[in-house]
Amino acid sequence: MTAFSQTSPLREDKRTYKRLQINHRRNKEQDHTELLDAASARFDYAACRDVPWNPEPFSLLWGTPFWDQASAAERVKLNQLYWVAYYADIISAEIATIYFNQTSAAALFGLEDFRLVCDTLDLESSQERAHINAFKTVGEAVEAELFGERVFTYEMRGPFAETVIFTDTNRVREKAKRMLLRTFGVLSAQNAFIGCQYFLIRGLRTLLGKIVQHQLSGFHQELVRDGAPDDLDAISPIPSQISYFHFQDESYHFNSSTIISHDVLKSLPTPSRFERWVMNETVKGAQKDLRPFTVVGDGLNWHGPRTYEVVHKVLTSKVFGLSSAEALAFMRKTYCEENEGLHRAHQTHVTAIDSYRKYLDDVDYLTAHNRDMTLAADIDIPRVLAANQKAFAAFEARA
Ligand SMILES: [Fe+2]
Ligand SMILES: [Fe+2]
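Each residue of the sequence shown is one higher than the one before, starting from 38 at the first, in this note's numbering.
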């Protein structure tokens, strides 16, 4: 059967095999699972509620009119809420990752010498579960304390939900997406090329995360620059430690995405027309997810209008204490006019597009449209503002 044919056993590509071994060995040696579990177990909001957890620009609504007039204490809250919101988004992506790591491993194990790749993926999936637990523990505790209800977090869910939590969708599109994800699950479990190229999608989707998480983890590094003290928690808030530990694990995940999708690929036969079509459609889908950027927070692929409700809820909560009319006035200026926050988010989007293009540059079965990320790049500040403006009047009338 063609799906399980192989041009040569993986071990014969000595260079790639060696790189896989090194990456797996180092990840196993430096595995941050225990540190993350211990940090989550120690998390106590009261102990770090008055300090920021991220570099300042990684705050909710940073550089917007609301930010400009916010008190120092309110800015700290916006900073912490960015952490909660950002990692709530990461949780849904990681739930899906666990599933597709497993389906892809199922197909790849049908080839010679793929035990190492599968063991790598097993370790990564188990690390993702620790990551999710850490993000969830902090996010839920903060929301319970600040709002008494969920705002950005959600109950545990399966891998077929939208992986971007505030995406431009509706019931019909959500259903279609569910079906696509299920179909991709089936295909990637049976077809080695598709299983292998799932890691192209995984790598691509990690690039923006790398840009953001590198900076989030740098916050902790900066705090412990003079050496880690005995009482680490007094120097670096636990959520900042979690950002750092998470980023360490993820750097190995990114390496394996790259090695599998770019180098292991060479041990597989040239893809059929069907296989190329499936992957091109999948990259196109990823482009759609990576297209939006938002003033709500730097590095979030969120669709502005989908966040109106949640931002309104945050601003009118007891934490910020605005009336509904006050919140709407700030929101109108934030979403419908240019400001520093929007420009920063746009700049990060431009940087990310550049890194997507570099990542896909040598993947020759992709169409030019996909290699160039045409769809994801096809957005700018005026269009984000226009979409926000169009939806804002309707929201205001409802609020
Ligand atoms: Fe993770
Ligand atoms: Fe990961």
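Note that the Cβ used here is the ideal one computed from N, Cα and C, for glycine as well. All values reported here derive from a predicted model rather than from experimental measurement.
*Between the stretch 70-81 and the stretch 311-329, are three or more C-beta pairs nearer than 8 Å?*
no
_Quick check on the DSSP output: what are the complete alpha helix (DSSP H) runs of length 4 or more inside the stretch 50-113, in order along the chain?_
51-67, 70-79, 82-85 and 102-106
_Start-end ranges of the alpha helix (DSSP H) lying completely within the stretch 348-387, minimum 4 residues_ = 361-373
*Thinking just about the alpha-carbon of each residue, which of 157, 163, 181 and 278 is nearest to the one in residue 236?*
As a first step, residue 236 is located in the sequence shown; it is residue number 199 there, counting from the start. For the residues 157, 163, 181 and 278, the minimum Cα distance to residue 236 belongs to 157.
*For residue 211, collect the residues of the same chain with a Cβ closer than 7 Å to its Cβ; drop the 5 residues on either side in sequence, then sort them by chain order.*
Here residue 211 refers to the residue found at position 174 of the sequence shown. Here the set comprises 199.
*Pull up the distance between the alpha-carbon of residue 413 and that of residue 268, whole angstroms please.*
Locating residue 413 in the sequence shown gives position 376, counting from the first residue. Locating residue 268 in the sequence shown gives position 231, counting from the first residue. If you take the alpha carbons of residue 413 and residue 268, they lie about 45 Å apart.
*Report the option in 148, 149 and 303 whose CA atom is closest to the CA atom of residue 26.*
As displayed, the chain neither begins before 38 nor continues past 436, which places residue 26 out of reach and without an answer.
*Express the C-alpha separation of residue 386 and residue 422 in angstroms, rounding to a whole number.*
Residue numbering aside, residue 422 sits at position 385 when the sequence shown is read from its first letter. Residue numbering aside, residue 386 sits at position 349 when the sequence shown is read from its first letter. Rounded to whole angstroms, residue 422 to residue 386 spans 15 Å at the Cα level.
*Just to check, is the beta-carbon of residue 290 closer than 6 Å to a non-hydrogen atom of ligand 2?*
As a working mapping, residue 290 is identified with position 253 in the sequence shown. Residue 290: yes, Cβ under 6 Å from ligand 2.
*Please list the segments of the alpha helix (DSSP H) lying wholly inside the stretch 389-418, counting only runs of 4 or more residues, in order along the chain.*
405-408 and 411-414
*Could you check what DSSP says for residue 331 in three-state terms: helix, strand or coil?*
Taking the first residue of the sequence shown as 1, we reach residue 331 at position 294. Strand at residue 331.
*When every heavy atom of ligand 1 is checked, does at least one fall within less than 6 Å of the C-beta of residue 165?*
Translated into positions along the sequence shown, residue 165 becomes position 128. Indeed, a heavy atom of ligand 1 lies less than 6 Å from the Cβ.
*Using 8 Å as the Cβ pair cut-off and three pairs as the minimum, do the stretch 200-210 and the stretch 101-111 touch?*
no
*Since I believe residue 272 is in contact with residue 260 (beta carbons under 8 Å), could you give me their beta-carbon distance rounded to a whole number of angstroms?*
As a position in the sequence shown, residue 260 is number 223, starting the count at 1. As a position in the sequence shown, residue 272 is number 235, starting the count at 1. So it is a contact: roughly 5 Å between Cβ atoms.
*Is residue 435 helix, strand or coil when you go by DSSP?*
Stepping through the sequence shown from its first residue, residue 435 is reached at position 398. The answer is helix: DSSP assigns residue 435 an H, G or I state.
*For residue 126, I'd like the list of residues in its chain whose CB is within less than 6 Å of its CB, leaving aside the five on either flank, ordered along the chain.*
Numbered from its first residue, the sequence shown carries residue 126 at position 89. Excluding sequence neighbours, residue 126 sits near 202.
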